[in-house]
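**Student:**
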Amino acid sequence: MPDKDIFDWLTNAEWLAILRIGVGLWWLESVRHKDLPNFLRGGAMNWVESLTRDHPIPPFANTIRRVSLSSQRRRVVTSWLVVLGESAAGVSLVLGFLTPAGLVLAVFLNANYFLLAGLKDQGEQGQNLMMILSEVVLFATGAGMTWGIDAALFG
8 MPDKDIFDWL TNAEWLAILR IGVGLWWLES VRHKDLPNFL RGGAMNWVES LTRDHPIPPF
68 ANTIRRVSLS SQRRRVVTSW LVVLGESAAG VSLVLGFLTP AGLVLAVFLN ANYFLLAGLK
128 DQGEQGQNLM MILSEVVLFA TGAGMTWGID AALFG
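The numbering of the sequence shown is the working numbering, which starts it at 8 and goes up by one.
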């Protein structure tokens with residue numbers, strides 16, 4: 008029988024599944040709390056642009072400006088990619104479906120948010136670091152194989 012926690016309630020794998028689902032719900036909350044009509048029109052890109060000014064990593068800021076901010080079309084496409092990426096990561100983790108891919112996407116998103124915020128928002132930085140840590144642990148432990156569709160498909 009698998010190792011149980013100190014209360015003999017759940018296995019370690021089940022606790023990791025709870026963490027996976029919680030991280031997935033956090034990604035879905037990230038989408039839910041956005042003003043989606045404005046966000047999807049590129050409205051949040053003004054904030055992103057402000058973060059690239061006086062950024063501590065000029066090459067990163069220049070890349071963001073070139074790839075995501077250089078035209079209204081790119082601002083809208085980037086906004087849609089953010090919402091789709093956050094949604095995909097959230098659904099993947101909540102359902103335990105293609106969990107490794109969802110976790111790689113989640114780490115990519117958090118790493119970009121971490122780099123974009125630079126030194127301007129330390130509270131946001133702590134959240135991004137803890138999310139990355141959780142996502143790496145979930146990836147390393149195969150957390151989609153408990154209470155997830157991955158277990159049914161690949162177990």
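Using N, Cα and C, we set each Cβ at its ideal position, and we do this for glycine too. Source: prediction; values computed, not measured.
1) Going by C-alpha to C-alpha distance, which of Arg-39, Leu-160, Phe-161 and Ile-156 sits closest to Arg-27?
2) Tell me, please, whether the segment 16 to 33 touches the segment 135 to 155 by the rule of three or more beta-carbon pairs shorter than 8 Å.
3) List the residues that DSSP assigns as beta-bridge partners of Lys-11.
4) Here's the rule: buried if 16 or more other CB atoms are within 10 angstroms of the residue's CB, otherwise exposed. What is Asn-117?
5) Measure how close the beta-carbons of Glu-142 and Leu-110 come, nearest whole angstrom, since I'm counting them as under 8 Å.
6) With a cut-off of 8 Å on the beta carbons, I'd call Ser-75 and Thr-85 a contact; round off their distance for me.
7) Smallest Cα separation from Arg-39: which of Pro-107, Gly-103 and Leu-91?
8) Quick one: which unbroken alpha helix (DSSP H) runs of 4-plus residues sit fully inside the segment 41 to 87? Chain order, please.
**Tutor:** This is what the structure holds:
1) Ile-156
2) yes
3) Thr-18
4) buried
5) 5 Å
6) 4 Å
7) Leu-91
8) 43 to 47, 52 to 59 and 65 to 75
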